[in-house]
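Written out below as structure tokens is the structure these notes cover.
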Amino acid sequence: MQLTGAQALIKSLEMEHTEVIFGLPGGAILPAYDPILDSPIRHVLVRHEQGAGHMAEGYAHVTGRPGVAMVTSGPGATNLVTALCDAYMDSVPVVAITGQVSRPVIGTDSFQEADTVGITRSVTKHNELLMSAEEVPLAVRQAFLLATTGRPGPVLLDVPKDVLQEKTEWYWPTDDEVSASLPGYKPTTKGHPRMVREAARLIAASERPVIYAGGGILKARAAEALRSLAEITRAPVVTTLMARGAFPDSHPQCLGMPGMHGNYAAITAMQEADLLIALGARFDDRVTGQVSTFAPAAKVVHVDIDPAELGKIRQPDVPIVGDCRLVIEEIVRVLAASGEPQADRGAWWARVNQWRERFPLHYEPQAEGEALKPQAVIEAIRDASPADTTVVAGVGQHQMWASQFWRFEEPYTWVNSGGLGTMGFAVPAAIGAKVGRPDRTVWAIDGDGCFQMTAHELVTASSERIPIKVAILNNAYLGMVRQWQELFYKERYSEVYLSPDLPDYVKWAEAMGCAAFRAETPADVAAVVDKANAIDDRPVVIDFRTDANEKVFPMVPAGASNSDVIVHPSQRPGGEEVVQ
Numbered sequence: 131m132q133l134t135g136a137q138a139l140i141k142s143l144e145m146e147h148t149e150v151i152f153g154l155p156g157g158a159i160l161p162a163y164d165p166i167l168d169s170p171i172r173h174v175l176v177r178h179e180q181g182a183g184h185m186a187e188g189y190a191h192v193t194g195r196p197g198v199a200m201v202t203s204g205p206g207a208t209n210l211v212t213a214l215c216d217a218y219m220d221s222v223p224v225v226a227i228t229g230q231v232s233r234p235v236i237g238t239d240s241f242q243e244a245d246t247v248g249i250t251r252s253v254t255k256h257n258e259l260l261m262s263a264e265e266v267p268l269a270v271r272q273a274f275l276l277a278t279t280g281r282p283g284p285v286l287l288d289v290p291k292d293v294l295q296e297k298t299e300w301y302w303p304t305d306d307e308v309s310a311s312l313p314g315y316k317p318t319t320k321g322h323p324r325m326v327r328e329a330a331r332l333i334a335a336s337e338r339p340v341i342y343a344g345g346g347i348l349k350a351r352a353a354e355a356l357r358s359l360a361e362i363t364r365a366p367v368v369t370t371l372m373a374r375g376a377f378p379d380s381h382p383q384c385l386g387m388p389g390m391h392g393n394y395a396a397i398t399a400m401q402e403a404d405l406l407i408a409l410g411a412r413f414d415d416r417v418t419g420q421v422s423t424f425a426p427a428a429k430v431v432h433v434d435i436d437p438a439e440l441g442k443i444r445q446p447d448v449p450i451v452g453d454c455r456l457v458i459e460e461i462v463r464v465l466a467a468s469g470e471p472q473a474d475r476g477a478w479w480a481r482v483n484q485w486r487e488r489f490p491l492h493y494e495p496q497a498e499g500e501a502l503k504p505q506a507v508i509e510a511i512r513d514a515s516p517a518d519t520t521v522v523a524g525v526g527q528h529q530m531w532a533s534q535f536w537r538f539e540e541p542y543t544w545v546n547s548g549g550l551g552t553m554g555f556a557v558p559a560a561i562g563a564k565v566g567r568p569d570r571t572v573w574a575i576d577g578d579g580c581f582q583m584t585a586h587e588l589v590t591a592s593s594e595r596i597p598i599k600v601a602i603l604n605n606a607y608l609g610m611v612r613q614w615q616e617l618f619y620k621e622r623y624s625e626v627y628l629s630p631d632l633p634d635y636v637k638w639a640e641a642m643g644c645a646a647f648r649a650e651t652p653a654d655v656a657a658v659v660d661k662a663n664a665i666d667d668r669p670v671v672i673d674f675r676t677d678a679n680e681k682v683f684p685m686v687p688a689g690a691s692n693s694d695v696i697v698h699p700s701q702r703p704g705g706e707e708v709v710q
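Counting in my numbering, the sequence shown runs from 131 upward without gaps.
Rendered as structure tokens:
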């Protein structure tokens with residue numbers, strides 16, 4: 131059967147069970163858009179290519195399947211780069227397809243030409259320029275395999291326009307043909323038995339262990355295995371920003387999030403531990419603080435699918451390359467089979483519980499005449515939402531408050547930009563998450579600064595009937611930058627004021643086809659959240675007027691030791707402020 135390269139591309143995506151493509155057509159990719167008319171694949175027309183990438187990420191986060199984005203050459207591809215880098219940093223499976231100028235004019239600076247492969251080489255797990263229509267099916271199979279196995283990540287296929295127009299004989303590569311075409315790609319999934327036994331030995335002997343669960347737990351579908359390990363060891367569990375939901379917040383062993391804005395008990399337990407059991411975590415600087423002072427007395431068991439992560443930041447005593455779920459299951463099996471009692475951890479839990487009781491997450495109640503407390507807004511939305519609600523955050527103070535004050539009980543209910551910290555992530559990622567799980571309520575918790583970067587994608591949500599809900603914590607500032615300027619730059623607020631009324635968020639949202647409300651008092655909050663939850667035929671946006679003076683605590687200043695964590699002023703002796 132003869133097909134064009136474009137037809138082969140769309141048919142290949144169908145063979146990979148692609149449900150949806152997020153994209154925007156243009157000249158070089160145009161041939162690939164014609165066969166979409168005859169395909170069962172849904173296409174979501176975005177308003178900016180960066181939005182296509184973030185939607186693909188949101189879809190991948192909640193489904194575990196690759197998100198697919200398709201854009202044109204030149205500026206279409208370059209607009210996608212931020213989302214590719216975001217996916218690369220957070221190990222999100224994305225397949226990106228970019229148009230390219232025709233083969234005879236590559237390298238001549240022709241209209242909308244860019245070296246997409248060169249530009250994206252450092253932000254993709256693999257990328258490739260396809261030079262014949264015959265290559266398309268195999269390249270697509272390779273892309274999906276590479277995006278989803280080993281350490282997941284984005285893969286990009288750059289396809290010249292004339293390759294899309296060229297005829298080829300259709301075929302679908304077998305599994306053996308795909309494996310043979312990638313001779314050097316053999317991710318290690320099973321942990322080395324000797325290392326597994328040594329990990330189990332260290333765990334059993336440890337008096338002050340902490341399970342340090344990272345985003346790799348979710349990528350490996352290892353939440354159940356993590357719970358089994360926690361319960362057989364009775365070790366405290368911390369869940370990084372990327373792992374929220376991997377272990378239930380209601381579980382008595384859960385300490386919540388560690389790191390720069392983590393819970394005091396989680397931060398301090400890691401500092402005082404004698405063993406860190408790092409599972410799918412990469413010792414990110416936002417978790418470790420000053421590396422030389424991080425968990426100084428702790429031995430380290432480090433499990434990761436990516437061998438490059440082992441020893442990159444902290445040298446492990448027991449390095450284990452492998453799939454987190456498979457390795458954890460083996461460690462649990464060895465611990466259960468040994469029959470040997472584990473070390474007494476009663477004294478350790480007594481200390482941990484003291485930290486919990488003395489330094490819980492805290493904010494001062496709203497006083498008469500003050501603006502809304504952002505933490506209270508998040509709690510109100512949380513308490514009025516279904517238990518399996520998906521929460522998507524932008525980047526900044528609101529992201530930290532959402533992670534702190536939402537209670538995550540299920541995996542794949544938290545979507546955010548962790549490694550790259552991409553402002554503007556929330557709205558398009560929430561759209562992708564809702565497309566991936568239309569049965570779930572999706573709330574985007576956004577800041578006014580983030581919202582202004584990608585709010586136009588609400589036009590996409592309205593026109594495509596994707597009913598997400600957006601809470602703007604509008605404090606009229608770039609809040610996290612303002613917080614740093616207040617604490618460390620003597621309140622010299624340089625270029626952080628945004629204005630609470632410009633733009634008018636309610637009118638703007640309504641102009642984009644959304645229902646929109648504003649809340650300025652606690653009574654308003656409950657009423658508008660109820661209204662938002664009752665609307666399910668279009669997107670909803672709420673402008674919550676929040677207190678600009680509110681700061682995220684606890685806080686570890688950048689480059690400082692985690693032992694120097696700053697707690698809320700009310701929890702400090704005499705309530706003193708931070709020394710500037």
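Even glycine gets a Cβ: it sits at the ideal position worked out from N, Cα and C.
Looking only at its own chain, which residues have a Cβ that is under 6 Å from the Cβ of residue 481, when we skip the five neighbours before and after it? If we look at residue 481 and ignore the five residues flanking it on each side, it has no Cβ neighbours.
- Item | Backbone CA spacing between residue 229 and residue 202 [nearest angstrom] | Straight through space, the alpha carbons of residue 202 and residue 229 are spaced by roughly 4 Å.
*Give the DSSP-derived three-state secondary structure of residue 703 in the structure shown.*
DSSP places residue 703 in helix when its eight states are reduced to three.
Problem - Residue range of the beta strand (DSSP E) that includes residue 712 - result: No information on residue 712 is available, as it lies outside the stretch 131 to 710 that the chain covers here.
Nearest CA to the CA of residue 468: which residue from 212, 326 and 155?
Nearest option by C-alpha distance: 326.
So if DSSP puts residue 575 in a beta bridge, which residue, or which two residues, is it bridged to? For residue 575, which the question treats as bridged, DSSP gives the partners 523 and 601.
Notebook entry, point to check: Are there 16 or more other CB atoms within 10 angstroms of the CB of residue 147, so buried, or fewer, so exposed?
Noted result: In summary, residue 147 is exposed, with fewer than 16 beta-carbon neighbours lying within 10 Å of its beta-carbon over all protein chains present.
Residues in its own chain within less than 7 Å of residue 378 by CB, not counting five upstream and five downstream? Within the same chain, and ignoring the five residues on either side of residue 378 in sequence, the residues whose Cβ sits closer than 7 Å to its Cβ are 384 and 539.
Beta-carbon within less than 8 Å of residue 330's beta-carbon, same chain only, minus the 5 sequence neighbours each way: which residues are those?
Contacts found: 461, 464, 465 and 468.
For this session: Taking residue 215 as part of the alpha helix (DSSP H), name the residues at either end of that continuous run.
Result: Element bounds for residue 215: 205–219.
>> Between which two residues does the beta strand (DSSP E) holding residue 256 run?
In response: Per DSSP, residue 256 belongs to the beta strand (DSSP E) from 256–259.
CB-CB length for residue 567 against residue 519, believed under 8 Å: Here residue 567 is actually not in contact with residue 519; their C-beta atoms are around 10 Å apart, not less than 8 Å.
- Task: Could you check which residue in 401, 416, 351 and 689 has the C-alpha nearest to that of residue 370?
- Result: Closest option to residue 370, Cα to Cα, is 416.
State the Cα-Cα distance for the pair residue 470 and residue 317, rounded to the nearest angstrom. If you draw a straight line from the Cα of residue 470 to the Cα of residue 317, it is about 33 Å long.
Open item on the list: Measuring straight from C-alpha to C-alpha, what distance separates residue 476 and residue 484?
Closed with: Those two C-alpha atoms are separated by around 12 Å.
With C-beta atoms as the reference, is residue 254 less than 9 Å away from residue 208?
Against a cut-off of 9 Å, the Cβ pair of residue 208 and residue 254 comes out as no contact.
Margin query: Just to confirm the assignment: which complete beta strand (DSSP E) runs, minimum length 3, are found wholly within the region 395–419?
Written below: Inside the region 395–419, DSSP marks whole beta strand (DSSP E) runs of 3 or more residues at positions 405–409, from first to last along the chain.
- [ ] Report back the beta-carbon spacing between residue 266 and residue 275 to the nearest angstrom; my notes put them in contact at under 8 Å.
- [x] Contact flag wrong, Cβ pair sits at about 15 Å.
Q: Could you pull out every residue in the same chain whose Cβ sits closer than 6 Å to the Cβ of residue 691, ignoring the five residues on either side in sequence?
A: In its chain, beyond the 5 residues on either side, 419, 420 and 423 have a beta carbon closer than 6 Å to the beta carbon of residue 691.
| field | Assigned exposure category for residue 394 - 16 Cβ within 10 Å defines buried | value | Around the beta carbon of residue 394, 16 or more other beta carbons lie within 10 angstroms, which makes this residue buried.
**Request:** State the Cα-Cα distance for the pair residue 215 and residue 497, rounded to the nearest angstrom.
**Result:** Those two C-alpha atoms are separated by around 42 Å.
*Report back the beta-carbon spacing between residue 188 and residue 545 to the nearest angstrom; my notes put them in contact at under 8 Å.*
Between residue 545 and residue 188 the Cβ distance is about 6 Å, and since that is below 8 Å, they are a contact.
- prompt: Among 556, 386 and 335, which one has its Cα closest to the Cα of residue 526?
  reply: Of the candidates 556, 386 and 335, the one whose C-alpha sits nearest the C-alpha of residue 526 is 556.
Note to self: Does residue 302 come out as helix, strand or coil in the three-state DSSP assignment?
What the structure shows: Three-state result, residue 302: coil.
(Q) Using CA atoms only, rank isn't needed, just tell me which of 249, 291, 434 and 160 is closest to residue 322. (A) When only C-alpha atoms are compared, the closest one is 434.
Worksheet item: So, helix, strand or coil for residue 432, using DSSP?
Response: Strand.
**Request:** Classify residue 668 as helix, strand or coil using the three-state DSSP reduction.
**Result:** Three-state result, residue 668: coil.
For this session: In angstroms with no decimal places, state the Cα-to-Cα distance between residue 149 and residue 532.
Result: So the alpha carbons of these two residues sit roughly 30 Å apart.
Checklist entry - Of the choices 664, 554, 510 and 596, whose alpha-carbon is the least far from that of residue 655? => result With distances taken between CA atoms, residue 655 lies nearest to 510 out of 664, 554, 510 and 596.
With DSSP as the reference, identify every bridge partner of residue 675, one or two as the case may be. For residue 675, the beta-bridge partners assigned by DSSP are 604.
- Reduced DSSP secondary structure (H/G/I, E/B, other) of residue 651: Residue 651 carries a coil assignment under DSSP once its states are collapsed to helix, strand and coil.
Practice item. Since I believe residue 340 is in contact with residue 399 (beta carbons under 8 Å), could you give me their beta-carbon distance rounded to a whole number of angstroms? Key: Contact annotation, residue 399 with residue 340: C-beta distance approximately 5 Å; criterion of less than 8 Å satisfied.
Handout entry: Delimiting residues of the alpha helix (DSSP H) encompassing residue 288
Key = No alpha helix (DSSP H) contains residue 288, which is instead part of the beta strand (DSSP E) from 284–290.
When you compare only the Cα positions, how much space is there between residue 165 and residue 135?
-> Distance between residue 165 and residue 135, taken at the CA atoms: about 10 Å.
Chain-order list of residues whose beta-carbon lies under 7 Å from that of residue 396 (same chain, five-residue window excluded):
Within the same chain, and ignoring the five residues on either side of residue 396 in sequence, the residues whose Cβ sits closer than 7 Å to its Cβ are 368, 385, 386, 387 and 388.
In terms of residues, what are the limits of the alpha helix (DSSP H) holding residue 610? Element bounds for residue 610: 609–618.
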